[in-house]
Amino acid sequence: MMRSSPNPRANNIWTKEIIEIMIIILASLHFIMSQFYFFRISPQDDRTQDSTPGIVFDSHQDGRALSHLPPLLLWCLKDIGNIYHREAVFLANYAAMERDFKIFVYSDRRQKKCYNPKDKLKSNYASEHHFLKNLIPSRFFTDDPTKAHLFFIPFSCQEDKEIAIWAHVQGLIFGYPFWNRTLGTDHFFFSCHDIVSRATEGIPIVTKNAIRLFCSSNYDSKYIPHKDVSVPQALELSLPPDHGEDVWSW
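Each residue of the sequence shown is one higher than the one before, starting from 445 at the first, in my numbering.
Written as structure tokens, this is what we have:
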């Protein structure tokens with residue numbers, strides 16, 4: 445009988461670099477939206493004046509700050525400078541954003557039900573576990589909400605249903621001042637299983653306002669491209685399981 449070969453993709457692919465790329469995507473979405481608003485309210489009849497404070501432009505116009513950008517990003521942007529109002533200022537501000545961007549994680553006494561059990565690290569919930577596990581020790585995490593640009597809501601992917609999630613959001617609204625400042629547009633949560641997706645369908649304040657990180661299995665009409673972010677699944681479920689002895693174990 446044919447035996448399955450070792451499956452390298454069954455291992456944890458959620459390295460520190462992948463987590464940082466995902467967070468940079470979130471930061472970029474937040475940054476680009478703020479830049480769009482900034483330039484939209486800038487005077488249109490004054491193109492000789494830079495839209496940012498002169499001290500910021502002068503300190504970065506020599507391009508030294510661009511060295512902080514990932515090489516892949518610089519390569520992707522090298523031929524599209526004409527889309528910017530001022531390319532040097534944009535890239536310098538982007539480098540500062542990547543350096544200073546912070547995420548605050550709400551505390552949840554039920555986190556262990558979702559993110560901690562070791563027997564779930566090879567299930568559909570693995571991506572959610574590894575995201576939080578790598579976010580906390582990263583440079584993007586902050587325990588000071590006044591310094592945060594985005595707020596992460598650690599929904600319990602296995603236990604929470606619609607009523608529980610709504611109660612959880614209400615607790616954030618009444619217990620913290622941060623949701624009410626933006627109606628939740630700077631909040632996000634992670635869902636790699638249909639449970640949370642279905643549970644939040646009846647809560648428009650969550651689905652329409654908060655940023656949702658979805659795995660590819662959740663591509664459907666409820667995915668909002670300009671707001672939500674797609675992320676890779678930690679496990680390739682189309683491959684044979686670890687305990688499989690032959691091709692019939694698929």
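Beta carbons are placed, not taken as given, at the ideal position from N, Cα and C, and that holds for glycine.
Residues bridged to Arg656 [DSSP beta-bridge criterion]: Phe633
For Ser551, I'd like the list of residues in its chain whose CB is within less than 6 Å of its CB, leaving aside the five on either flank, ordered along the chain. none
Please return the same chain residues whose Cβ sits closer than 6 Å to the Cβ of Thr496, not counting the five positions on each side in sequence. Low confidence applies here, because Thr496 scores a pLDDT of 39, under 50, leaving its location unreliable; read the following figure in that light. Around Thr496: Val533.
Closest by CA to Ile647, which one among Phe618, Glu531, His612? His612
Tyr559: buried (16+ other C-beta within 10 angstroms of its C-beta) or exposed? Note that Tyr559 scores 48 on pLDDT, short of 50, meaning its location in the model is unreliable; the coordinates nonetheless yield the value given after this. When all chains shown are included, Tyr559 counts as buried.
Measure the C-alpha to C-alpha separation of Gly615 and Ile597 and round it to an integer number of angstroms. 11 Å
Own chain partners of Ala592 with C-beta closer than 7 Å, once the 5 adjacent residues on each side are dropped: Lys546, Ile547, Phe548, Thr586
I'd like to check one pair, Phe632 with Ile617: are the Cβ atoms closer than 9 Å? no
Excluding the five sequence neighbours on either side, which residues of its own chain have a C-beta within less than 8 Å of the C-beta of Ile467, listed in chain order? Phe545, Ile547, Leu579, Ser582, Phe584
Give a yes or no on whether the C-beta atoms belonging to Ile609 and Thr644 are separated by under 9 Å. yes
Whose C-alpha, out of Val650, Asn653, Pro589, is nearest the C-alpha of Phe622? Pro589
Are the CB atoms of Leu594 and Asp630 within a distance shorter than 9 Å? yes
Among Glu531, Met541, Thr651, the one whose alpha carbon lies nearest that of Ile469: Met541
Thinking C-alpha only, which one of Cys636, Val650, His529 is nearest Leu627? Val650
Quick check on the burial criterion: 16 or more other C-beta atoms within 10 angstroms. Buried or exposed for Asn537? buried
Please name the residue or residues paired with Thr586 in a DSSP beta bridge. Phe548
Measuring straight from C-alpha to C-alpha, what distance separates Val673 and Arg625? 22 Å
Since Leu576 is in the alpha helix (DSSP H), which residue starts that stretch and which ends it? 570-579
Specify the secondary structure class of Phe596 as computed by DSSP and reduced to three states. strand
Helix, strand or coil: which one does DSSP assign to Val691? Low confidence applies to Val691: its pLDDT is 42, below 50, so where it sits in the model is not reliable, and the reading given next is rough at best. In the structure shown, Val691 sits in a helix (DSSP, three-state: H, G or I).
Any non-hydrogen atom of the ligand NAD closer than 8 Å to Ile467 Cβ: Judged by which ligands are present, the structure shown has none, so any question about the ligand NAD falls away.
To the nearest angstrom, how far is it from the Cα of Ser635 to the Cα of Gly619? 23 Å
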